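Chemist: So the mapping is simple: the numbering used here equals the position in the sequence shown, first residue as 1, plus 1301. Beta carbons: idealized from backbone N, C-alpha and C, even for Gly. Fair warning: this is a prediction, and the values are worked out from it, not measured in the lab.
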Amino acid sequence: MGLGEWWDEHAVPRLVRLGCGSEHIMDLRRQVVPQARGRVFELGCGGGLNQGLYDPALVSGLAGLDPSGKLLDYARAEAAAKGWQADIRQGFGEEVPFADASFDTVVCTFTLCSVNDPARVLSELRRVLKPGGVFLYAEHGRAPDPEVLRWQERIEPVWKRIMGNCHLTRPVTAAIGEAGFVTSPIARQYMRPGPRWAGWMEWGTAVKAGE
Ligand SMILES: C[S@@+](CC[C@H](N)C(=O)[O-])C[C@H]1O[C@@H](n2cnc3c(N)ncnc32)[C@H](O)[C@@H]1O
1302 MGLGEWWDEH
1312 AVPRLVRLGC
1322 GSEHIMDLRR
1332 QVVPQARGRV
1342 FELGCGGGLN
1352 QGLYDPALVS
1362 GLAGLDPSGK
1372 LLDYARAEAA
1382 AKGWQADIRQ
1392 GFGEEVPFAD
1402 ASFDTVVCTF
1412 TLCSVNDPAR
1422 VLSELRRVLK
1432 PGGVFLYAEH
1442 GRAPDPEVLR
1452 WQERIEPVWK
1462 RIMGNCHLTR
1472 PVTAAIGEAG
1482 FVTSPIARQY
1492 MRPGPRWAGW
1502 MEWGTAVKAG
1512 E
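1. Measuring only from the beta carbon, is Ser1369 closer than 6 angstroms to any heavy atom that is part of ligand 1?
2. For ligand 1, I want to know if Gly1347 counts as a neighbour, meaning its beta carbon is within less than 6 angstroms of at least one of the ligand's heavy atoms.
3. Quick one: complete beta strand (DSSP E) runs, 3+ long, within the segment 1325 to 1377?
4. Is any heavy atom in ligand 1 found nearer than 6 angstroms to the beta carbon of Phe1399?
5. Which residue's Cα is closest to the Cα of Thr1474: Gln1391, Phe1342 and Tyr1438?
6. Return the CA-CA distance between Pro1445 and Arg1455, expressed in angstroms with no decimal places.
7. Quick one, which of Arg1340, Gln1490 and Gly1353 has its alpha-carbon nearest Arg1331's?
8. Compare the C-alpha of Arg1421 against each of Pro1432, Phe1399, Gly1394 and Leu1316 and name the closest.
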């Protein structure tokens, strides 16, 4: 195994668990994830950091998808510890292996930055969401301030190579809207502490447009 492969397989999952598990990020998750209800699908469920925030009284089933074997180990261990009978699969959000309209809630946190094709992923999330279902999102992305955006553009080429394809400049709420959702943002702001180029956060809920 080369250094790059070792880094992606072993170092990145640990860094993801560490960074995504920080108290500030967990505070942000708490504003979104507990709203999940019914049959829930979590894209990019690796790490399992949301699992403790689902309300067992409201969630009737949990399914998840993530390409990272190492992060799935964490997610499965977390599910066992929390007592979830979860259907956690390895795969990519560009081809979600679940039927149309099979979930009441779709959850996506800090994952759209890392997928290969965000538009295709969002179309898949829309497909598996039931009519009347809710999409819960919390993501970091493209900063609104030109000066910060310039730093994001400078850093992104290196960052995505060392951080598991994590992009800094992707729009969040706008992309969700373009994918056929009506969004209800909870907030969009820089997370403190931390550098602004890595800290522009957008989180909220969305439903399918036209419903
Ligand atoms: C920064 S981590 C966030 C993990 C988790 N969603 C959270 O909130 O802690 C990004 C996640 O996206 C996953 N990922 C990368 N490419 C993906 C893809 N094409 N489809 C689904 N998940 C993907 C990674 O394996 C990783 O688990």
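Modeler: Inspection of the coordinates gives the following:
1. The sequence position of residue 1369 within the sequence shown is 68, counting from 1. The answer is yes for Ser1369.
2. For the purposes of this step, residue 1347 is taken as the residue at position 46 of the sequence shown. Gly1347: yes, Cβ under 6 angstroms from ligand 1.
3. 1339 to 1344 and 1360 to 1367
4. Sequence index remark: in the sequence shown, residue 1399 carries index 98 (1-based). For ligand 1, not one heavy atom lies less than 6 angstroms from the Cβ of Phe1399.
5. In the sequence shown, the residue the question calls residue 1474 occupies position 173. Cα-wise, what sits closest to Thr1474 is Tyr1438.
6. The residue labelled residue 1445 in the question sits at position 144 within the sequence shown. The residue labelled residue 1455 in the question sits at position 154 within the sequence shown. Pro1445 and Arg1455: Cα-Cα distance of roughly 16 angstroms.
7. In the sequence shown, counting from the first residue as 1, residue 1331 sits at position 30. When each option's Cα is compared against that of Arg1331, the closest is Gly1353.
8. Position 120 of the sequence shown, counted from the start, is the residue given in the question as residue 1421. Ranking Pro1432, Phe1399, Gly1394 and Leu1316 by Cα distance to Arg1421 puts Gly1394 first.
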